[in-house]
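**Q** Take a look at the following structure, please.
2 protein chains.
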Amino acid sequence: MNELASKVIKTLRERSLHIAVAESITGGLIGATLTTVPGASKIYLGGVVSYATRLKSALLGVPDDIMREHTVVSEEVAIEMAVGLQNRTNADWVIAVTGVAGPDPQDGHEPGEVWICVLGPRIPSLPQSRQVERFDFEGDRDSVRLQTVDAALEMLLRVVSPV
Amino acid sequence: MNELASKVIKTLRERSLHIAVAESITGGLIGATLTTVPGASKIYLGGVVSYATRLKSALLGVPDDIMREHTVVSEEVAIEMAVGLQNRTNADWVIAVTGVAGPDPQDGHEPGEVWICVLGPRIPSLPQSRQVERFDFEGDRDSVRLQTVDAALEMLLRVVSPV
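Just so you know, the sequences run in chain order A and B.
Take the first sequence: its position 108, counting from 1, is numbered 233 in my numbering, and each next residue is one higher.
Take the second sequence: its position 102, counting from 1, is numbered 227 in my numbering, and each next residue is one higher.
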């Protein structure tokens with residue numbers, strides 16, 4: 126069982142909140158990590174692995190013109206992935222990740238460049254919590270993916286349980 | 126890099142075929158395993174993690190009455206998950222998995238019960254390849270999930286490259 130995932134599940138369970146995840150670079154690894162925790166099914170709804178560009182539009186509704194203009198490794202696409210998944214799942218919290226694991230660059234982006242969006246609940250008359258961060262991770266393909274999982278879960282914990 | 130995943134990616138690449146995965150019990154672990162392989166993005170499109178029951182209908186179109194009648198850990202739901210994902214992605218091959226990782230039973234099913242469906246390309250005037258198998262794995266939560274990943278990839282390899 127993953128420690129960070131366990132903390133996420135516990136934190137969300139205490140607040141009766143659900144989470145869904147839209148994954149590109151990690152290919153399902155965030156969901157796989159969250160579900161190492163027994164009882165995760167009460168909190169983690171699931172999500173979409175939009176690894177291929179065309180699944181980002183087909184399964185999440187990311188507009189093609191945004192992907193063309195900004196490339197799929199961008200702040201804009203991370204946000205659209207999160208918004209698209211929240212629309213389709215009604216999850217309270219959504220994490221979306223897009224980036225380059227390597228070994229090769231992609232669309233002019235170096236391996237290790239990762240964008241993470243953490244989107245909060247839509248509550249009438251309150252501004253919606255939306256965090257987006259860019260990371261430039263060092264290391265090989267596996268390392269970049271693992272660092273992306275940790276960074277995403279840490280971002281979520283920071284906003285869900287502010288210190 | 127996972128050996129079995131590497132074999133799957135190589136086998137599909139030689140045949141110019143794409144794959145998508147609908148995961149319940151594994152929570153994203155099949156996608157995460159396939160994407161340990163550099164270059165997986167040319168073959169693995171992505172898919173849906175329909176961990177919660179309601180995402181099986183919302184993201185894959187699994188009919189509610191089928192889930193009620195057969196429970197979500199069933200041959201029928203594994204097939205509907207695969208068909209739903211193929212409709213949404215046009216992937217040549219689709220894997221769908223549903224089961225109980227444990228530690229607790231679910232809907233009357235013991236931990237270790239897993240259904241896997243492997244669905245082949247839709248080619249006009251040819252019958253579609255559709256394999257469904259039930260497994261009863263021993264071991265703890267992590268072990269059941271890892272055995273599910275291996276069994277799914279092995280099933281796919283058997284039908285894509287028959288000996």
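Even glycine gets a Cβ: it sits at the ideal position worked out from N, Cα and C.
Note that this is a predicted model, so its numbers are computed, not measured.
From D275 (chain B) to L251 (chain A), what distance separates their C-alpha atoms?
**A** Position 150 of the second sequence holds residue 275 (chain B). Position 126 of the first sequence holds residue 251 (chain A). Whole-angstrom Cα-Cα distance: 46 Å.
**Q** Quick one: give me the first and last residue of the alpha helix (DSSP H) that Q272 (chain B) is part of.
**A** Translated into positions along the second sequence, residue 272 (chain B) becomes position 147. Its alpha helix (DSSP H) spans residues 266–285.
**Q** Measure the Cβ-Cβ separation of V222 (chain A) and Q231 (chain A) and say whether it is below 7 Å.
**A** The sequence position of residue 222 (chain A) within the first sequence is 97, counting from 1. The sequence position of residue 231 (chain A) within the first sequence is 106, counting from 1. Against a cut-off of 7 Å, the Cβ pair of Q231 (chain A) and V222 (chain A) comes out as no contact.
**Q** Just mark D267 (chain A) as buried or exposed, buried being the case when its beta carbon has 16 or more other beta carbons within 10 Å.
**A** Indexing the first sequence from 1 puts residue 267 (chain A) at position 142. Exposed.
**Q** At which residues does the beta strand (DSSP E) containing V174 (chain B) begin and terminate?
**A** Within the second sequence, the letter at position 49 stands for residue 174 (chain B). Taken as a continuous stretch (DSSP letters only), the beta strand (DSSP E) holding V174 (chain B) covers 169–175.
**Q** Please name the residue, chosen from B:T158, B:M206, B:G153, that lies closest to T178 (chain B) on a Cα-to-Cα basis.
**A** The sequence position of residue 178 (chain B) within the second sequence is 53, counting from 1. Answer by Cα proximity: B:M206.
**Q** Within the same chain, show all residues whose beta-carbon is closer than 6 Å to that of R247 (chain B), passing over the 5 residues directly before and after it, in chain order.
**A** Residue 247 (chain B) sits at position 122 when you count from the first residue of the second sequence. Here the set comprises Q253.
**Q** Given that a residue counts as buried once 16 or more other Cβ atoms are within 10 Å of its Cβ, and exposed if not, what is E201 (chain A)?
**A** By one-based count along the first sequence, residue 201 (chain A) stands at place 76. Burial call: buried.
**Q** Indicate whether D217 (chain A) and L142 (chain A) have their beta-carbon atoms separated by less than 7 Å.
**A** In the first sequence, the residue the question calls residue 217 (chain A) occupies position 92. In the first sequence, the residue the question calls residue 142 (chain A) occupies position 17. Their beta carbons are under 7 Å apart, which means D217 (chain A) touches L142 (chain A) by this criterion.
**Q** Chain B partners of S175 (chain A), CB-CB under 8 Å?
**A** The count along the first sequence starts at 1 and reaches residue 175 (chain A) at position 50. What S175 (chain A) touches in chain B: G171.
**Q** Rounded to the nearest angstrom, what separates A165 (chain A) and M192 (chain A) at their Cα positions?
**A** In the first sequence, residue 165 (chain A) corresponds to position 40, counting from 1. In the first sequence, residue 192 (chain A) corresponds to position 67, counting from 1. Cα to Cα, the separation comes out at about 32 Å.
**Q** Quick one: give me the first and last residue of the beta strand (DSSP E) that E194 (chain A) is part of.
**A** Along the first sequence, one-based indexing puts residue 194 (chain A) at 69. Premise fails: E194 (chain A) lies in the alpha helix (DSSP H), 189–195, not in any beta strand (DSSP E).
**Q** Excluding five sequence neighbours on each side, which residues of the same chain lie with their C-beta closer than 7 Å to the C-beta of A277 (chain A)?
**A** In the first sequence, counting from the first residue as 1, residue 277 (chain A) sits at position 152. I155, I220, V222, I241, listed in sequence order.
**Q** For the ligand FMN, is there any heavy atom lying closer than 6 Å to the beta carbon of A221 (chain B)?
**A** This structure lacks the ligand FMN, and indeed carries no ligand of any kind.
**Q** Determine the burial state of R213 (chain A): buried for a count of at least 16 other Cβ atoms within 10 Å of its Cβ, exposed for fewer.
**A** Within the first sequence, the letter at position 88 stands for residue 213 (chain A). Counting Cβ neighbours within 10 Å, R213 (chain A) comes out buried, since at least 16 surround it.
**Q** Please name the residue or residues paired with R255 (chain A) in a DSSP beta bridge.
**A** In the first sequence, residue 255 (chain A) corresponds to position 130, counting from 1. According to DSSP, which records beta bridges pairwise, R255 (chain A) is partnered with A:L244.
**Q** With 7 Å as the threshold, decide whether the Cβ of A276 (chain B) is near any Cβ in chain A.
**A** Your numbering for residue 276 (chain B) matches position 151 in the second sequence. Closer than 7 Å: no.
**Q** What are the partner residues of G224 (chain B), as DSSP defines its beta bridges?
**A** If you number the second sequence from 1, residue 224 (chain B) lands on position 99. According to DSSP, G224 (chain B) bridges with B:V239.
**Q** Does the region 138–153 of chain B touch the region 167–181 of chain A, meaning 3 or more C-beta pairs lie closer than 8 Å?
**A** These segments touch.
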